[in-house]
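Residue numbers for the sequence shown follow UniProt numbering, beginning at 1 and rising by one. Using N, Cα and C, we set each Cβ at its ideal position, and we do this for glycine too.
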Amino acid sequence: MLQNEQTVSDRIQQKLDELTRAERQLALSILENYPASGLGPLSALAKDANVSVPTVARMVQKLGYKGYPDFQAELREELRAKVKDPIAKHDSWADTVPSEHLLNRFTEAVIENIRLTLGQIDPVAFDKACELVADQTHQLFIVGGRITHTLAEYFFLHMQVIRPNLTHVQSTSNTWPHYLLNAKKGDVFVIFDVRRYENNTLKLAEMAHARGAQIILFTDQWRSPVHQLAHICLSCRIIVPSAWDSVATPMLLLETMISSVQNLKWDETKQRMEALEDMFDQTKLFRKFT
1 MLQNEQTVSD RIQQKLDELT RAERQLALSI LENYPASGLG PLSALAKDAN
51 VSVPTVARMV QKLGYKGYPD FQAELREELR AKVKDPIAKH DSWADTVPSE
101 HLLNRFTEAV IENIRLTLGQ IDPVAFDKAC ELVADQTHQL FIVGGRITHT
151 LAEYFFLHMQ VIRPNLTHVQ STSNTWPHYL LNAKKGDVFV IFDVRRYENN
201 TLKLAEMAHA RGAQIILFTD QWRSPVHQLA HICLSCRIIV PSAWDSVATP
251 MLLLETMISS VQNLKWDETK QRMEALEDMF DQTKLFRKFT
């Protein structure tokens, strides 16, 4: 497999919206344990995904393969190419511990997440998202969930320095309707939603969309239901050897966005930073070494 060719995962991601409910269930099952999930017998894959054997056959054809054997051959070729990759063959990232140590396995998973994510991100869409966030003529709303509220708070803190006219929406359903009162057509909502997609977040997105707001969604490789309403969807891979998903890749995109927005509005940002530093000096928030 050539390096610039699409992977099976790439094809699945591009076709997700065109699949039937059962086919989509199958696709998400494959991505859950990719690529090992597709290396066994067809009947085993169907059973694991709780779909019929014909569903598997139909989906692999929709992905552009003649049949399941061709689909599996592509997966095996991906594995062979990965073994030949000098980075994949590297003994360890932390050379003071064995390659099978969690430090190395976790790092390898994060680097693979970053590689796959950057391979799928549309730079034009990303730049457009940054321009929307930087546009101070519209209100910016930032929304996180049970876990992703940490990303939302991090983003909000930096945007406070860069621009005015923004709101951090608390995700609890008994408070966020108050924030929607001020939302109007053209306003921008940056929403963070990864599995296990939250009902409150979807309802908020539906109501914001109904008011004419534009939605920028940070989500995972399976994509939150909010993506159907999003103007721009930034999907990140999040699987690591842990009971918890990783926010390393979403954080990478988020910090890149912060840098881009800062540069787009640097003159205003610089003035705001200078004013903020003066306030810090007056309040003696930070210790000065002279």
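Where residue i falls: helix, strand or coil (DSSP)
| i | result |
| --- | --- |
| Ser-242 | coil |
| Thr-201 | helix |
| Thr-148 | coil |
| Val-60 | helix |
| Val-261 | helix |
| Thr-20 | coil |
| His-158 | helix |
| Phe-106 | helix |
| Thr-167 | strand |
| Val-247 | coil |
| Ile-121 | coil |
| Ser-235 | strand |
| Phe-286 | coil |
| Val-143 | strand |
| Val-53 | helix |
| Thr-137 | coil |
| Tyr-65 | coil |
| Glu-255 | helix |
| Leu-39 | coil |
| Thr-269 | helix |
Close beta carbons around residue i, own chain, < 8 Å, minus the five adjacent residues each side
| i | result |
| --- | --- |
| Glu-18 | Lys-62 |
| Trp-266 | none |
| Leu-102 | Pro-241 |
| Gly-38 | Val-8, Ile-30, Leu-45, Phe-71, Gln-72, Leu-75 |
Cβ neighbour criterion (16 or more within 10 Å) applied to residue i
| i | result |
| --- | --- |
| residue 370 | Since the first and last residues shown for the chain are 1 and 290, residue 370 lies out of range. |
| Phe-286 | exposed |
| His-227 | buried |
| Gly-212 | exposed |
| Pro-250 | buried |
| residue 319 | No answer is possible for residue 319: it lies beyond the span of the chain, which begins at 1 and ends at 290. |
| Gly-40 | exposed |
| Thr-20 | exposed |
| Gln-13 | buried |
| Leu-254 | buried |
| Trp-244 | exposed |
| Leu-276 | exposed |
| Ser-259 | exposed |
| Ser-246 | buried |
| Leu-132 | buried |
| Ala-36 | exposed |
| Ala-208 | buried |
Beta carbon of residue i nearer than 8 Å to that of residue j
| i | j | result |
| --- | --- | --- |
| Gly-145 | Asp-220 | no |
| Val-190 | Val-143 | yes |
| Tyr-68 | Glu-74 | no |
| Ile-114 | Leu-252 | yes |
| Ala-44 | Ser-52 | no |
| Gln-139 | Asn-104 | no |
| Ile-215 | Lys-128 | no |
| Ile-162 | Arg-272 | yes |
| Val-261 | Ala-134 | yes |
| Arg-237 | Leu-157 | no |
| Leu-204 | Trp-222 | no |
| Thr-7 | Glu-78 | yes |
Beta-carbon contacts of residue i that lie in its chain and below 7 Å, excluding the five residues immediately before and after
| i | result |
| --- | --- |
| Ala-49 | Gln-25, Leu-26, Ser-29 |
| Arg-58 | Glu-23 |
Same chain, Cβ closer than 6 Å to residue i, five either side skipped, listed in chain order
| i | result |
| --- | --- |
| Ser-9 | Tyr-34 |
| Phe-141 | Thr-167, Val-169, Phe-189 |
| Lys-184 | none |
| Glu-206 | none |
| Ser-224 | Asp-193, Tyr-197 |
| Ala-230 | Ile-215, Leu-217 |
| Lys-84 | Only weak support exists for where Lys-84 lies, its pLDDT of 47 falling under 50; the value from the coordinates is given anyway. Here the set comprises nothing. |
| Val-60 | Tyr-68, Phe-71 |
| Ala-248 | Val-110 |
| Ala-125 | Ile-232 |
| Thr-283 | none |
| Thr-201 | Gly-145, Asp-193 |
| Arg-11 | Leu-63 |
| Thr-269 | Ile-162, Gln-262 |
| residue 340 | Residue 340 falls outside the range modelled here, since the chain spans only 1 to 290, and no answer is possible. |
Extract the residue ranges of the beta strand (DSSP E) inside the region 175 to 232, only unbroken runs of 3 or more that lie entirely within it.
188 to 192, 214 to 220
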